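Protein chains in written order, with my numbering: chain F, 35 to 395; chain R, 10 to 602. The C-beta atom is built at its ideal place from N, Cα and C for all residues, glycine as well. Note that the coordinates shown come from a computational prediction; the quantities given were computed from them, not determined experimentally.
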Amino acid sequence: MHLNFKTFSNALCAPRILHYVLPIIMLFLLIGTIAQKYIGLYAATHIFFSNWIIWAGWLPLPGLPVFLALMALNLSCKLIFKSPWKREQAGIIITHIAVLLLLVGGLLTALFSTESYLDFAEGEVTSQISDYHARELTVLDESAKPQYVIAFNDIADQDKIPLINAPFTIEVLERCGNCEITRRSDGNERFIGMAKNMSLKPKPPERENERNMAGLTLKINIDGEEQIHTVLEDIPILPKFEAGGKRYSLALTKLKRTLPFKVELIDFTREEHPGTDMAKAYSSHVRIIDGVSSWESVISMNEPLRYKGYTLFQSSFISTPDGDVSVLAVVWNVGRAFPYISGLVMCLGIIVHLIVRRKKA
Amino acid sequence: MRIFLFLLSLFCLLPSSYAAGISTENLRAIPVLHEGRVKPLESMARAVKKKLRSNDSQAMRWFTITLFDPAAAEQIPVFKIRNPDVANMLELPEQDEKLYSFQTLSAAIIAKSDILESIVVTPQDEWTKAQIALIDLSDNISLYKDILSSLTLFLPLNIDNEEASKAQSFVELTSQIPKIKTRVQDTLNKKGEQIDLYSEAEQRDLQVAFSLDLMAKGGERSSFLRILPTSNAEMKSPWAVFLAKQDEAYADIFEHLQTLTYAYHMQDFVSFNIAARELEQSLLQAQNNDFKQGALEAELFYNALSPFKIAFFLYAIAMILLVSGYMMPRLKPTFMVFTLLTLGACVQAIGLSLRMYILERPPVSTLYESIMFVGLIASIAMLVAFIKDRQLFWLYLTAGLGMALQLVGFSHDTSGDNLMMLSAVLNTNFWLATHVICITAAYAFCLIAAALAHFTLILPFDRDLNAKLKVLAIISLLLATTGTVLGGIWADQSWGRFWGWDPKENGALLICLWLIWVLHGPLSGMMSRRAFQAGLAYTGVIVALSWFGVNLLSVGLHSYGFTNSAATILALFVGGESILIGALWVRARKVSP
Chain F
35 MHLNFKTFSN
45 ALCAPRILHY
55 VLPIIMLFLL
65 IGTIAQKYIG
75 LYAATHIFFS
85 NWIIWAGWLP
95 LPGLPVFLAL
105 MALNLSCKLI
115 FKSPWKREQA
125 GIIITHIAVL
135 LLLVGGLLTA
145 LFSTESYLDF
155 AEGEVTSQIS
165 DYHARELTVL
175 DESAKPQYVI
185 AFNDIADQDK
195 IPLINAPFTI
205 EVLERCGNCE
215 ITRRSDGNER
225 FIGMAKNMSL
235 KPKPPERENE
245 RNMAGLTLKI
255 NIDGEEQIHT
265 VLEDIPILPK
275 FEAGGKRYSL
285 ALTKLKRTLP
295 FKVELIDFTR
305 EEHPGTDMAK
315 AYSSHVRIID
325 GVSSWESVIS
335 MNEPLRYKGY
345 TLFQSSFIST
355 PDGDVSVLAV
365 VWNVGRAFPY
375 ISGLVMCLGI
385 IVHLIVRRKK
395 A
Chain R
10 MRIFLFLLSL
20 FCLLPSSYAA
30 GISTENLRAI
40 PVLHEGRVKP
50 LESMARAVKK
60 KLRSNDSQAM
70 RWFTITLFDP
80 AAAEQIPVFK
90 IRNPDVANML
100 ELPEQDEKLY
110 SFQTLSAAII
120 AKSDILESIV
130 VTPQDEWTKA
140 QIALIDLSDN
150 ISLYKDILSS
160 LTLFLPLNID
170 NEEASKAQSF
180 VELTSQIPKI
190 KTRVQDTLNK
200 KGEQIDLYSE
210 AEQRDLQVAF
220 SLDLMAKGGE
230 RSSFLRILPT
240 SNAEMKSPWA
250 VFLAKQDEAY
260 ADIFEHLQTL
270 TYAYHMQDFV
280 SFNIAARELE
290 QSLLQAQNND
300 FKQGALEAEL
310 FYNALSPFKI
320 AFFLYAIAMI
330 LLVSGYMMPR
340 LKPTFMVFTL
350 LTLGACVQAI
360 GLSLRMYILE
370 RPPVSTLYES
380 IMFVGLIASI
390 AMLVAFIKDR
400 QLFWLYLTAG
410 LGMALQLVGF
420 SHDTSGDNLM
430 MLSAVLNTNF
440 WLATHVICIT
450 AAYAFCLIAA
460 ALAHFTLILP
470 FDRDLNAKLK
480 VLAIISLLLA
490 TTGTVLGGIW
500 ADQSWGRFWG
510 WDPKENGALL
520 ICLWLIWVLH
530 GPLSGMMSRR
540 AFQAGLAYTG
550 VIVALSWFGV
560 NLLSVGLHSY
570 GFTNSAATIL
580 ALFVGGESIL
590 IGALWVRARK
600 VSP
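Now the structure itself:
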């Protein structure tokens, strides 16, 4: 048993694991990077860098996280069982610890971080932020309060959406992550509003995920009476129906989150290089309102605002006929400190190693 | 376009051509707002000439003709059409050096406007290379048309006007326009629209009124030559000021411009040179407080010096001397070579320092700048190494790498101004001075390591250079890792995430991983000494992929330095290096495993 453990730990500590794993990781990097040209950053990241399993047709293959985990395991075993804890090895040990820290930080970020955005015009106050990619179907009541929220990814074609204590049922007739709208020829009195003339067909996703327009055609059963509605992402006209004496509406939007504070846009300014339309700088003058206290701050490129674990960045802006709308990226990341610490430790480790090496020489 | 060509004919019959005695010395120093910054007119002329795909030699001479004699300028072959499909699409005749004039091209584009219309209606990502080139050419034609109109306000017109004893410019005719228009209106009222019934004088009036009207319309689009300062950072073109009826505020400058154009057309180069000096002085005095004359003068010096070309020649001469010394050992050129290489590095440093002074930012913000910076760091590092251990191969490597990087730099300086303004996210001196400097320094050390590894594989040395290679690899890894982590921190500060799998980020990570792999190879017993050297030699390819390769993808947030033309060269480099290093490795293993 002891021998088996020793053999096993020796195998896990073996530097040859790194020798074989690193080229595989580099291959993933290369393929995933090239793939971005054809399928976009979001899809390429999802397939080649985030997924633990990659499906090559019917064949499951280990994804990049598997190899990163293997590398982390190899490094940990090496540190615990094989590293000679001597002064001459200090640089190498420090560097290896830093790499482990970086991998742990990466794991925490991958598991727990959220990236959202907030777009608002001058004078607007909000605490609602939207996810960049995830979408949700919301059933709103008369006062526009969400009654049921269903993640778009949990909705399948021809599926019944489970709703607790609802005076109606919802069945999915058409679902697409990126919809092509065609003219409906089989419309009858059951089809209401947009659904009368519109049929949704899935089309290949756009290279930039933000440009995809999701949509659903839903059959709503109210006491045996059927209504068919079409709901499209971010279309301001919401399909409405009545059930159990109440009016409801359906909205398909980016997944909403609520900040534990409010943000008011006081002023948005942008500066361009003279004689061009190339942005030189832009910034948002905001007021943070948290309960009874409030204060002002300026968020500009490379100068974010951090509060209560959230970081607000000046991401971009949208020009509208009514003026500019500022777009802030809002990030929650528990692993944020890891790259800073590990980067510092890593550099320190390599410098120590160079100094030790020089002394030895 | 047809109207524009007609307007140009108004300037045709007047005596003009570029007079040899006319000096552009004062003209070149005129401050002009172009692509977001104030620069000397000479820099703009060079940038425009390069944009038209021609080279920038004699740019000021050509630009002077363009401004003061548009009718002659339209016949100068200055548009280079490299893509033969574009020439075929436009049915252009074959020309020397593939250079065509504005006149030829504008006529061809009018004739083939249906091709352009069919391209414009198709999605942009479906355009072929030839279609992109044709649209680019069409844009350049429009740009040049704008430039040709820049000083038409002041050019003597080929208009037979009874109230003028000599040729007059649009500006001078302005006061007479209402009178002429009244006369034309009277004639119209009396004789209707039948021009045959008009007397000779009436027909002349009609032609003058029509021509001036067209010129004013053309002037509305003429905004290129922004030489007139305003109270803020903006600058305006003479036409913009004239049409906004603000010309009184610039009366002396308008007067100088008028004198200048007349002097040019009379070939009175003494008056021209005096007027140019006075114009320059007036414009300098009119600048607002933000204007930095020192930067303008530095740019003129930079243009005159062409530091990177000088550095290239110094490196080339050093290489010739080294090869001569190798073939004739009694020559002993070491000291001379070292001096030349040091001079080359100094000139490069001066060039980069001037760029820093002009742009007020670290010299590593564009692909072109990064190449020049890597060249400088590599040269300095190798010269220091030579001082330390007096090994001749450092001089070979300095000259070789110095020349190669200068050539790569020149190939990236073929279009427009290489002193560019930066977009908002890159406009931060702190991160440019830390992250980008670190990464580019890592490129430099990687290239030195790769070059030395090549050298080790080519020549079976008695001494083992592995120790030097390891130190170089560790320094490269230190810089690449620090640079990558700093880049991540910058991304965290700017975009809210440390890592986003952006191509540029992946490229930097690729270098780190490759160096880790190569360094760990011998330690794990998985790589022989020669395999380690071959792996390190291949670092050059990894750097090229990371540095230039990711730009070919045209995706990601690092929206700078994108290029479409380098794919073939990069593929040849990768293929060639793979074969070369493979062959050298096999050979080296046989000679000395």
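Task: Cβ pair G211(F), G369(F) closer than 8 Å - done: no
Open item on the list: At the level of alpha carbons, what is the spacing between M336(R) and Y377(R)?
Closed with: 35 Å
TODO: Within the same chain, show all residues whose beta-carbon is closer than 7 Å to that of I184(F), passing over the 5 residues directly before and after it, in chain order.
DONE: E170, L171 and I195
TODO: Have a look at I367(R), L206(R), G530(R) and L215(R) and flag the residue whose alpha-carbon is nearest the alpha-carbon of P187(R).
DONE: L215(R)
Task: Helix, strand or coil at K58(R) [DSSP, three-state] - done: helix
Task: Local Cβ density within 10 Å of N282(R), reported as buried at 16 or more and exposed below that - done: buried
Task: Secondary structure of S568(R), DSSP reduced to three states - done: Confidence at S568(R) is low in this model, with a pLDDT of 44, below 50, so the placement of that residue should be treated as unreliable; the coordinate-derived value is given next. Here S568(R) sits in coil by DSSP.
- [ ] Would you check if the region 195-208 of chain R and the region 251-258 of chain R touch, i.e. whether three or more CB-CB distances between them fall below 8 Å?
- [x] no
Open item on the list: Could you tell me the alpha carbon to alpha carbon distance between A394(R) and A387(R), rounded to whole angstroms?
Closed with: 11 Å
- [ ] Along the alpha helix (DSSP H) that carries K296(F), what are the first and last residues, could you check?
- [x] No alpha helix (DSSP H) holds K296(F); the beta strand (DSSP E) holding it covers K280 to E306.
Task: Supposed close pair L519(R), L554(R) - CB separation, criterion 8 Å - done: 7 Å
Task: Reference C47(F); option with closest CA among K116(F), V100(F) and W366(F) - done: K116(F)
Open item on the list: If we define contact as Cβ-Cβ less than 8 Å, is V550(R) a contact residue for chain F?
Closed with: no
Open item on the list: With the cut-off set at 8 Å, would you say S374(R) and L456(R) are in Cβ contact?
Closed with: no
Open item on the list: For P57(F), count the other beta carbons within 10 Å of its own beta carbon; 16 or more makes it buried, fewer makes it exposed. Which is it?
Closed with: exposed
Open item on the list: Between H167(F) and chain R, is any beta-carbon pair separated by less than 8 Å?
Closed with: no
- [ ] Please classify T343(R): does DSSP put it in a helix, a strand, or coil?
- [x] helix
Task: Which listed residue (H387(F), G157(F), L388(F) and A190(F)) has its alpha carbon closest to that of V359(F) - done: G157(F)
- [ ] Verify whether the separation of the beta carbon atoms of L252(F) and L289(F) is less than 8 Å.
- [x] no
Task: Span of the alpha helix (DSSP H) around W499(R) - done: N475 to S503
Task: Identity of the residue in Q357(R), I31(R), R70(R) and D123(R) nearest L50(R) by Cα - done: R70(R)
TODO: Residues of the region 503-526 of chain R with a CB closer than 8 Å to any CB of chain F: list them in chain order, please.
DONE: S503, W504, G505, R506, F507, W508, G509, W510, D511, P512, N515, G516, L518, L519, L522, W523, I525 and W526
- [ ] Out of T407(R), W508(R), L349(R) and G497(R), state which residue places its alpha-carbon closest to the alpha-carbon of A459(R).
- [x] T407(R)
- [ ] Find the nearest neighbour of A320(R) within the set L522(R), S220(R), S291(R) and L350(R), judged by alpha-carbon distance.
- [x] L350(R)
- [ ] Take the Cβ of F219(R) as the centre, count every other Cβ of all protein chains shown within 10 Å, and call the residue buried at 16 or more, exposed below.
- [x] exposed
Task: L23(R) in three-state terms, based on DSSP - done: Confidence at L23(R) is low in this model, with a pLDDT of 44, below 50, so its placement is unreliable and no value can be given for it.
Open item on the list: Since L113(F) and V55(F) should fall inside the 8 Å C-beta cutoff, what is the C-beta to C-beta distance between them, to a whole number of angstroms?
Closed with: That pair is no contact at about 16 Å.
Open item on the list: According to DSSP, simplified to helix, strand and coil, what is V373(R)?
Closed with: coil
- [ ] Please name the residues in the region 341-374 of chain F whose beta-carbon is closer than 9 Å to at least one beta-carbon of chain R, in chain order.
- [x] T345, L346, F347, Q348, S349, A363, V364, V365, N367, G369, R370, F372, P373 and Y374
- [ ] Leaving out five residues on either side along the sequence, give the residues of the same chain with a beta carbon under 6 Å from the beta carbon of S151(R).
- [x] none
Task: Short Cβ contact (8 Å threshold) for L346(F) with V364(F) - done: yes
TODO: Assess, as a yes-or-no matter, whether the region 127-147 of chain F is touched by the region 379-387 of chain F under the definition of 3 or more beta carbon pairs within less than 8 Å.
DONE: yes
TODO: Check the Cβ of E149(F) against every Cβ in chain R and list those closer than 8 Å, keeping chain order.
DONE: G505 and R506
Open item on the list: Please state whether the Cβ-Cβ distance between R37(R) and R62(R) is less than 8 Å.
Closed with: no
- [ ] List the residues of chain F whose Cβ lies closer than 8 Å to the Cβ of R235(R), in chain order.
- [x] G309
- [ ] Report the option in E259(F), L141(F), I59(F) and T303(F) whose CA atom is closest to the CA atom of I352(F).
- [x] T303(F)
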